[in-house]
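What follows is a set of notes on a single structure, which appears directly below.
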Amino acid sequence: MFSGELCEVPGWSPSDPCEPTPCENEAPCHALTGDFYCACPDGYEGKTCAHLRDHCRTTPCQVIDSCTIVVATNDSAGGFRHISSNVCGPRGRCISQPRGNFTCSCDSGFSGTYCHENVNDCVSSPCRNGGTCIDGVNSFQCFCPDGWEGRLCDLNVNECNRNPCKNGGFCVDLVNDFYCECTNNWKGKTCHSRESQCDANTCSNGGTCYDHGDAFRCACPPGRGGSTCNTAKNSMCVSSPCSNGGTCVGGGDSFTCICKEGWEGPTCAQSKSQFTSHRCYQCIPLLPPVSHRGYVFTYLKGNDWYKKYGGNSPPRPHHQSNAFRFV
1 MFSGELCEVP
11 GWSPSDPCEP
21 TPCENEAPCH
31 ALTGDFYCAC
41 PDGYEGKTCA
51 HLRDHCRTTP
61 CQVIDSCTIV
71 VATNDSAGGF
81 RHISSNVCGP
91 RGRCISQPRG
101 NFTCSCDSGF
111 SGTYCHENVN
121 DCVSSPCRNG
131 GTCIDGVNSF
141 QCFCPDGWEG
151 RLCDLNVNEC
161 NRNPCKNGGF
171 CVDLVNDFYC
181 ECTNNWKGKT
191 CHSRESQCDA
201 NTCSNGGTCY
211 DHGDAFRCAC
221 PPGRGGSTCN
231 TAKNSMCVSS
241 PCSNGGTCVG
251 GGDSFTCICK
261 EGWEGPTCAQ
271 SKSQFTSHRC
281 YQCIPLLPPV
291 SHRGYVFTYL
301 KGNDWYKKYG
311 GNSPPRPHHQ
321 SNAFRFV
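Numbering (UniProt numbering), first residue to last: 1 to 327.
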């Protein structure tokens, strides 16, 4: 089942409406009879706390500067309180500048004018030996190919640690494989036989073993390789099945997509939020005692800002971007 205003939150169940949690923006979930309640943090609202709260919609307010709004209230001295305009989003702190400008001081791991861009910690390619890097918030994770381990996939797994060679055979470690030097006429991958190089365990992952006297050969199924079919060829990721910047991890005949923030699904094709494609971050209606009514539109091109109050706006230069955002 799904929940949310656009049925965008998967996994809701009447038996346990908070598992998995339908609440967004770190809001705690409270289970009710056949329903749930999200206790939204300050600045968010909606059934699942997915919407930025418009403080001016229900309460008269005044915009002090780009960072601060005064809202009428009965809960504080003077009958009003100052709240943040949320222009820098949940990952930044707004700093007012002269002439109505502002800058955003971003949390660690985020950048951009509005602290909306997650710094890519994988840009330096920290994962070694073919490891796949997954970017996180001020962090990264390496998914290692077969035969490698460690935080950076820089440690070769020693396949000889489990002593696979029998009957006095000497083990030589390879990458995701091993080789047994047999003695006293013993044969096979693990020096297990005097009669044949092959047994049921010689070739992995459905490979077929062929005895060539003093050696053996494994015929591997599609997607596998190596001397004993122990290595995945990553054939499923070659076609780039993950959408919207998702990272493909896997090998052989299976894969997993690690999705970027805002996307989900087996191939990262489903948007988590209706706001993903919107250009506007936040809209603040202006109410008295401000002299103009309506909405403030801000057009941005580099460091040039053009504000429009109601129906009056200065002419836009020919080089200006068509992009706009509400503040």
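Just so it is clear, CB atoms sit at the ideal spot from N, CA and C, and this is done for glycine as well.
Helix, strand or coil at G207 according to DSSP, with G and I counted as helix: Here G207 sits in coil by DSSP.
Integer-rounded CB distance, given that C242 should sit under 8 Å from C268: 5 Å
First through last residue of the beta strand (DSSP E) which encompasses V172: F170 to L174
Whole-angstrom distance between T247 and C229, CA atom to CA atom: 25 Å
Simplified DSSP state of C18, which is helix, strand or coil: coil
G169 and C153 closer than 9 Å at C-beta: no
Inter-residue spacing [alpha-carbon to alpha-carbon] between A27 and V87: 20 Å
Three-state secondary structure (DSSP) of C38: In the structure shown, C38 sits in a strand (DSSP, three-state: E or B).
8 Å contact criterion, which C40 and C29 should meet: CB distance rounded: With a beta-carbon spacing of about 11 Å, C40 and C29 fall beyond the 8 Å limit used to define contacts.
Own chain residues within Cβ distance below 7 Å of G109, not counting five before or after: The beta carbon of G109 sits closer than 7 Å to those of N118, V119, V137 and N138, all from its chain and outside the five residues before and after it, given in chain order.
R99 in three-state terms, based on DSSP: In this structure, R99 counts as helix in the three-state DSSP scheme.
Between the CA atoms of L52 and N156 - distance to the nearest angstrom: If you take the alpha carbons of N156 and L52, they lie about 48 Å apart.
Element boundaries [beta strand (DSSP E), containing D177]: D177 to E181
For W263, the residue or residues it bridges with in DSSP: S271
CB contact flag (P145, A232, <9 Å): Contact flag set, yes.
Under 9 Å between C-beta atoms of P90 and N25: yes
Outcome for I95 when other beta-carbon atoms lying within 10 angstroms are tallied against a minimum of 16: Around the C-beta of I95, fewer than 16 other C-beta atoms lie within 10 Å, and the residue is accordingly described as exposed.
Buried versus exposed, by CB contacts within 10 Å (16 or more), N322: Because the pLDDT of N322 is 31, which lies under 50, any placement of that residue in the model is unreliable, and the question is left without a value.
Residue interval of the beta strand (DSSP E) (run including T256): S254 to I258
Euclidean distance between Cα positions of Q270 and F36: 24 Å
Contact set for S196: own chain, Cβ-Cβ below 8 Å, skip 5 residues either direction: So the list reads K187, G188 and D211, once near-sequence residues are dropped.
P221 classed as buried or exposed, judged by whether at least 16 other C-beta atoms fall within 10 angstroms: Answer is exposed; the Cβ neighbour count stays below 16.
Nearest to I134 (by Cα), restricted to the options K272, G265 and T256: T256
Contacting residues, own chain, Cβ-Cβ under 6 Å from Q141 (five flanking each side not counted): I134
Buried/exposed call for R93, threshold 16 Cβ in 10 Å: exposed
N- and C-terminal bounds of the beta strand (DSSP E) containing R217: F216 to A219
Straight-line gap, T276 to E149 (C-alpha atoms, nearest Å): Confidence in T276 is poor, its pLDDT being 39 and thus under 50, which makes the residue's placement unreliable; the coordinate value appears in the next sentence. Computed Cα separation, rounded: 36 Å.
Counted within 10 angstroms of its Cβ, other Cβ atoms place R224 as buried (16 or more) or exposed: buried
Burial state of V249, where buried means 16 or more other Cβ atoms lie within 10 Å: V249 comes out buried.
Own chain partners of C18 with C-beta closer than 8 Å, once the 5 adjacent residues on each side are dropped: C29, H30, A31 and F36
As assigned by DSSP and simplified to three states, the class of C49: coil
Buried versus exposed, by CB contacts within 10 Å (16 or more), A215: exposed
Buried or exposed by the 16-neighbour rule on C-beta atoms within 10 Å, applied to P98: Burial call: exposed.
Outcome for G226 when other beta-carbon atoms lying within 10 angstroms are tallied against a minimum of 16: Buried, because 16 or more other Cβ atoms sit within 10 Å of the Cβ of G226.
Enclosing beta strand (DSSP E) for D135 [first to last residue]: T132 to D135
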